[in-house]
Structure formats: C-alpha cells, structure tokens
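Comments concern the structure below.
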DNA sequence: CCACCTCGACCGAACGGTCGGTCCATATCC
DNA sequence: GGATATGGACCGACCGTTCGGTCGAGGTGG
C-alpha cells in the first residue's frame, strides 16, 4: 500500500478546477492562464498533467457521460413496465446530475466547435435515443398519453430535467437529489394543475 | 419611398448573420473574421455598422428581451385568474421563442463573462421573477398543486419551455408555434401520464 | 550516515499564430 | 462633392503550446 502521497496536484483535482471554470466562463471563454490562476499551477505545468486544453474537456465530459450511460444499463431501466423504467431513469439521472454537476453542465453546453465537442454531441444523441424508445414503449403500453407526440414528450421531459444544471446547487439546506428527482417525476408525470375537487 | 437601394448590408441583416453564427459556435468561439466571412463584408467594414463585437451581442439580446417583456404586459398576462395568465405567458413565450429563435437561443446561453452578458442575466432574472409571482398566485388561488414548491415549479416549467431552443426549427412541415405552445401547456399542466381509465 | 543519482513536478520565457480593433485610401451613391 | 460604404494593411494584446532548465523527495552504494 502506497504511503500517503505528497503530490499536491493530480489530474483529478485539476479536472475539478477546470470543470468549474469552464462552466463559469464557457470553454472558449477560458484561457489556460485562467486555469493556471485557478489551480495554483503555472501555465506550463498544466501541460505536465494533460496534453492539451481539449483533452481537459474530453476528460471532463467523460466524467458526465459514463454515469449517464450506466443508468441506462441498471436493472430498473431494463425490466418492468416502460413507464416505471422511464421513472427510474429520470430519478437516477437527476441523482447523477447532482453528483457530477459541473461535468454534466459542461456536457449540456458543449458546441460542435471542436472534434471533442462533436464527439460529445454524438454521445448525447445516443443517450437521448434510449430514452425516446422508453417513452415510445410507454405510449404503446398505454401508460403515457397518446395525444402528444412521443418524441415531443421526450424532448420536453429532458429539457425539464436538464435545466436543473442552471440553478440546482447541492449543499446543506438544499433539497437532496433523491427528493428532487421525486418532485421532478411528480410534476412531469402528473402536471402542475391542482387535482380537480370533485 | 426610397428607390431599390443598392446597399446590400444594413445593421439588421448583419445582426441576423451574427446571431446565427454566435448560436452555432458560441459568442466566445466566434471571431470577427468568422462574421466577416459569413456576412460577405470585410472585417473592417463590420465596424462601420457596429462599434464592437460586444455591441453586436447587446443588439441581438435586445431583440430577444424586448418581446419577452412585452408578453408580460399583454392583457392576457395581467387580468384574469393566475393560472390562465400563466398559460397565456407560456403560450406566448413559445411563440416569441419561435419567431426570434436565434436571439432567444443566444439569450439563454449567455454567461456573465462580459458586462453585456451580466446585464442580460439580470434582465432574465427580472423576467423569471414575473413568472414566479404568477405561479405563486396560482397556488394561492388553488389552481396549482400546493404539494410542490412554487419556485421549483417555476424553474422546471421554464426549463422545459426554454429547452425548445435546443431542437425546435420552424419551417415547412414543422409544428407551428401556436400548436407547439398548446402541446407544451398540455404536458406541463396535465402531465405525461395517460388519464386513468376509470 | 551520507554522497550520489534519478525522476516526476514544476516554472519563466518565449514561440507562432489569432484575437478584436484601427487607419486610411478608395468606390459609390445623391 | 460630400455623406455613406467598403476593404487592405496593419496594430498591440493575448492565445494555446513548447522548451530549457530548476527543485526536492526517495532510492542506492559505500
């Protein structure tokens, strides 16, 4: 077992800093000098840990994409009625989003500007397709209203979930991710209208 | 009436080009040379029409903010039951979003990187506050479910509506904005669950 | 125990290139 | 001919990246 390392900067801690700064100022709006200042390393030292600014982006995006795809492989997402699988994916996605907030935020804001950006957009489309299939199956099983287009429902549902990154900040006092996920499901599945008093 | 002018470029047409390119590559990721190429003007000629890249951003953001605030002043948004006012604002916002798509997209992606960006974020918060008041009033009037926090409902509702900019493209064959607005309201107000057969 | 060596972490300086923006001469309209 | 519109040449600042070299902890031989 290795003794407690004395290294003060590893790739992971650098990645945390980078994701935070990228999120705040945008990838294109962040210079390597910004990252240097935020990490306490000189600009040139950054290149001792990563080979380029774009690699930093790629690593950060992987930290978001990996757990998102993992959700789609969980038992709760692959067995049972489609609407229950859909609910599971939504709740778990909210949890991943909370746990990996800076990385998921970055993922949702990426453009097709660089090769890495285009790769991330492709992966996002793959993920969306999985969910779209789930919604379509739930419509066929009679659990999701058939009067709205399934693709539209998918997009709006995930627009709602993804918008969490714009304001959700975990921490003491904040709604925890599991409770938040339940609230999101309640609103999305049952609507905001008060139950009619009848 | 002016004769058919030979001027090929005015500020508005330049603004259209700029908004499109900004949306595609991001504001920071767009160089003035990119705008030069896209508009057919030389880089220096751009400065004959606008004083800076940032002014171009400001003008574009105004084209989004002005009609959005106008919606909140319409009679349908100021009289009647709160839930009906809320529905009116949602439907009209979808229409504005469709009509001013590139500008609204830009508004929703702005960071606090520049002074103009921070100004836009402030205006967005003002707009959100108006809607938050509407939701809170509808809760008090008993038309919106009281078991979810009104601020949460506001944020999720507008997260859903705003996500339209990520995929909606008007044009032949596409759902028109009014019909889309109605569908958004139906999903948000009544939920995606099929009505229980009883 | 200590002189020697290795090696990963780190930095200051500078590279070629691109950035937003300026200057001034020219072309085109009324 | 004067206001309007345009473009080529150019500027200083800053960009991402590279390079030569320093530093100090840990291993090794005597």
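Protein chains in written order, with my numbering: chain A, 1 to 198; chain B, 1001 to 1198. Ideal placement from N, C-alpha and C gives every residue a C-beta, glycine not left out. Keep in mind that this is a model prediction, so the values were computed, not measured.
Touching or not, the stretch 139-157 of chain A and the stretch 1183-1196 of chain B, by the rule of three or more beta carbon pairs under 8 Å? Taking a contact to require three or more Cβ pairs closer than 8 Å, the stretch 139-157 of chain A and the stretch 1183-1196 of chain B qualify as touching.
Work out the CA separation of residue 1072 of chain B and residue 1134 of chain B for me, nearest whole Å. When rounded, the distance between both Cα atoms is 10 Å.
Would you say the stretch 47-55 of chain A touches the stretch 66-85 of chain A, given that touching needs at least three Cβ pairs under 8 Å? The stretch 47-55 of chain A makes no contact with the stretch 66-85 of chain A, as fewer than three CB pairs between them are under 8 Å.
CA-to-CA distance, residue 1065 of chain B to residue 1123 of chain B, given in whole angstroms: Going from the Cα of residue 1123 of chain B to the Cα of residue 1065 of chain B covers about 8 Å.
Strictly by DSSP, which residues pair up with residue 144 of chain A? Residue pairing by DSSP puts residue 144 of chain A in a beta bridge opposite B:1193.
Could you give the distance in angstroms between the alpha-carbon of residue 92 of chain A and the alpha-carbon of residue 128 of chain A? Cα to Cα, the separation comes out at about 15 Å.
Closest to residue 1141 of chain B by C-alpha separation, out of A:90, A:174, A:193, A:49, would be which residue? Nearest C-alpha to residue 1141 of chain B among A:90, A:174, A:193, A:49: A:193.
Verify whether the separation of the beta carbon atoms of residue 50 of chain A and residue 21 of chain A is less than 9 Å. No, these two residues do not count as a Cβ contact at 9 Å.
Selection from A:46, A:47, A:23, A:70 that minimises the alpha carbon distance to residue 126 of chain A: It is A:70 whose Cα lies nearest to the Cα of residue 126 of chain A.
Of the residues A:27, A:196, A:105, which one's Cα is nearest the Cα of residue 1143 of chain B? Checked all of A:27, A:196, A:105; the closest Cα to residue 1143 of chain B is A:196.
What is the DSSP secondary structure of residue 1166 of chain B, counted as helix, strand or coil? Helix, per DSSP.
Whole-number beta carbon distance between residue 101 of chain A and residue 170 of chain A, since they are thought to touch under 8 Å: Sure, about 7 Å apart at Cβ, within 8 Å.
Which class does residue 111 of chain A belong to by DSSP, given the choice of helix, strand or coil? DSSP places residue 111 of chain A in coil when its eight states are reduced to three.
May I ask you to report which of helix, strand or coil DSSP gives residue 1135 of chain B? In the structure shown, the three-state DSSP call for residue 1135 of chain B is helix.
Member of B:1178, B:1188, B:1017, B:1149 whose CA lies at the smallest distance from the CA of residue 1099 of chain B: Check the Cα spacing between residue 1099 of chain B and each of B:1178, B:1188, B:1017, B:1149: the tightest is with B:1178.
Taking only three categories from DSSP, how would you classify residue 2 of chain A? Confidence is the limiting factor: at residue 2 of chain A the pLDDT is only 31, short of 50, which leaves the residue's position unreliable and the question unanswerable from this model.
Could you check whether residue 97 of chain A and residue 89 of chain A sit closer than 9 Å to each other, using their CB atoms as the reference points? Cβ atoms of residue 89 of chain A and residue 97 of chain A: not closer than 9 Å.
Figure out for me which residue from A:60, A:28, A:27 has the closest Cα to the Cα of residue 14 of chain A. If we check each option's Cα against that of residue 14 of chain A, A:60 comes out closest.
Can you list the residues of chain B that residue 184 of chain A reaches, using a CB-CB cut of under 9 Å? Contact annotation for residue 184 of chain A against chain B: 1152, 1156 [CB-CB distance below 9 Å, chain order].
Candidates B:1107, B:1162, B:1160: closest to residue 1121 of chain B by CA position: Just measuring C-alpha positions, the residue of B:1107, B:1162, B:1160 sitting nearest residue 1121 of chain B is B:1107.
If the cut is a Cβ gap below 9 Å, which residues of chain A does residue 1025 of chain B touch? The contacting residues are 28, 111, 112, 113.
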